[in-house]
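Here the structure is laid out as structure tokens; the discussion comes afterwards.
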Amino acid sequence: MRKLRVIISKGPDDYGAWIEKFPGVYGAGETVAEVKKNLKEGLKLYVKHNEVADWVKNKDYELIYKYDGQSFLNYFKGIFTNAALERISGINQRQINHYATGRKKPRPEQLKKLETGIHKLASELMAVEL
Numbered sequence: 001m002r003k004l005r006v007i008i009s010k011g012p013d014d015y016g017a018w019i020e021k022f023p024g025v026y027g028a029g030e031t032v033a034e035v036k037k038n039l040k041e042g043l044k045l046y047v048k049h050n051e052v053a054d055w056v057k058n059k060d061y062e063l064i065y066k067y068d069g070q071s072f073l074n075y076f077k078g079i080f081t082n083a084a085l086e087r088i089s090g091i092n093q094r095q096i097n098h099y100a101t102g103r104k105k106p107r108p109e110q111l112k113k114l115e116t117g118i119h120k121l122a123s124e125l126m127a128v129e130l
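Sequential numbering from 1 applies to the sequence shown in our numbering.
And the structure:
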């Protein structure tokens, strides 16, 4: 099964997403869940109106989600508290809050700490990239 990387990011007003290898397939919405739904609909329309490989037509792929720090923290805030994220990543809760609100952008090293902690926590979250 092939993997298609979806980039999800937070804009000033809403969230946006696109698939790296499919120019023209985008999704937008007020929430990450809405973005994912809109992106899948966009991919369906792309496949319907464009020539694509059989593996795409047959849905022989898996979507891998690459979040920016702010989008990830906001999408999973009902699951992960800042205290829990501090325990699994070693990043101070106050700093995590700054990343979630967009006041500060995490350095790549901080994102890697967060990603490593999450991947160690549960195999279900292995589809998340930061």
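For every residue, glycine included, the Cβ atom is placed at its ideal position computed from N, Cα and C.
Comparing alpha-carbon positions, the option among Q95, K105, Y99 and S89 lying closest to K113 turns out to be S89. When secondary structure is reduced to three states using DSSP, A53 falls in the coil class, being assigned neither helix nor strand. At a Cβ-Cβ threshold of 8 Å, K66 and I8 count as neighbours. A residue is called buried once 16 or more other Cβ atoms fall within 10 Å of its Cβ, and W55, having fewer, is exposed. For the pair G11 and A33, the Cα-to-Cα distance works out to about 15 Å. Closest in C-alpha terms to I19, from the list D13, G29, A28 and V6, comes V6. Here Y61 is bridged, per DSSP, to R2.
A straight-line Cα-Cα distance of about 19 Å links K77 and A17. Rounded to the nearest angstrom, the gap between the Cα atoms of K40 and N97 is 30 Å.
Per DSSP, reduced to three states, the secondary structure at K10 is strand.
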